[in-house]
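Residue numbers (this note's numbering): -12 to 260.
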């Protein structure tokens, strides 16, 4: 497991005075540790690219090698050679797996929206189980203990997603499982929780404020119109006599007095003598 330690044992209970032990790594058999009790050599090496710097520890009694804070770059073949009274060799194959993340179940909104016109989309919930930065793993959907689908990858630092479609009213238990040869991580599906993000999208605060402002504006307009109508009606009912007379005068049609044709016109006319 990444960031853990692993010990490779020599199967020797105690190193003898004439024993020489060499530890080698990889196809190039790079020497990474050496013990020579007669020559008083007891040392470790960083490796050709320094990948073992401050990571190796030798047991001075047995010659076993411990790799500390192991990472994926330390995976591979290790060989220990022992010479003395008799010569022997032992090979170890070390696999290193990163710590598994917990699978994340989300609603596949893009799939749901693209098929929203179909009647089946009204009954089904489309889901995605996803993990990121994984390698040498298998991602699977289970219905109870039955495997529904799975996908495997051997590459390092890759992202995986696996879809699943269930009915909103489905009462079965579903789970998404991520596993490698030594460990697994499981997330259980909660249909009520995981199938709500697209079915009932949350309303944002800004949208609520916009709706509230619009509603307040409509109420203000209605109140203003009603108040205006009431005032006009009230003014018609409550009028003073002066206002009534004024209204009558204003409303009474005007008549223009014509000159009479019989009106006489007298002038001073001088008399003849």
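Glycine included, C-beta positions come from ideal geometry on N, C-alpha and C.
* Three or more C-beta pairs closer than 8 Å, one from the stretch -8 to 3 and one from the stretch 12 to 19: is that the case here? -> Output reads no: the stretch 12 to 19 does not touch the stretch -8 to 3.
* Of the listed residues 50, 174 and 63, nearest to residue 28 (C-alpha basis) -> 50
* To do: Decide if residue 167 is buried, meaning its Cβ has at least 16 other Cβ atoms within 10 Å, or exposed.
  => buried
* **Cα-Cα separation, residue 175 to residue 42** => 38 Å
* Asked: Taking the Cβ atom as the reference point for each residue, do residue 13 and residue 63 lie within a distance shorter than 7 Å?
  -> yes
* Tell me, which residues are paired with residue 79 by DSSP? -> 65
* **At least 3 beta-carbon pairs within less than 8 Å: the stretch 159 to 166 vs the stretch 82 to 99** => yes
* **Buried or exposed (CB count within 10 angstroms, at least 16 for buried), residue 74** => Exposed, since its Cβ has fewer than 16 Cβ neighbours within 10 Å.
* Asked: Which partner residues does residue 166 have in the DSSP bridge list?
  -> 125 and 171
* Asked: DSSP on residue 183, reduced to helix/strand/coil?
  -> coil
* Asked: By how many angstroms is the C-alpha of residue 178 removed from the C-alpha of residue 158?
  -> 9 Å
* **Same chain, Cβ closer than 6 Å to residue 79, five either side skipped, listed in chain order** => -5 and 65
* DSSP on residue 22, reduced to helix/strand/coil? -> strand
* To do: Report yes if the C-beta distance between residue 59 and residue 83 is below 7 Å; otherwise report no.
  => With contacts defined as CB atoms closer than 7 Å, residue 59 and residue 83 qualify as a contacting pair.
* To do: Just the C-alpha distance for residue 171 and residue 124, rounded to the nearest angstrom, thanks.
  => 9 Å
* Do you know whose CA, among 155, 136 and 119, lies nearest residue 142's CA? -> When each option's Cα is compared against that of residue 142, the closest is 119.
* **Strand pairing of residue 39, partner residues [DSSP]** => BP columns for residue 39 are empty, so no partner.
* Nearest residue (CA-CA) to residue 116, options 134, 110 and 148 -> 148
* Check the DSSP bridge columns for residue 134 and list the partner residues they point to. => Within the DSSP bridge table, the entry for residue 134 names 129 as partners.
* Asked: Exposed or buried, what is residue 161 when buried is set at 16 or more other beta-carbons lying within 10 Å of its beta-carbon?
  -> That one is buried.
* Mind checking whether residue 10 and residue 67 have CB atoms under 7 Å apart? -> yes
* Apart from the five residues on each side of it in sequence, which residues of its chain come closer than 7 Å, Cβ to Cβ, to residue 55? -> -8, 42 and 44
* Asked: In angstroms, rounded to a whole number, what distance separates the CA positions of residue 180 and residue 48?
  -> 58 Å
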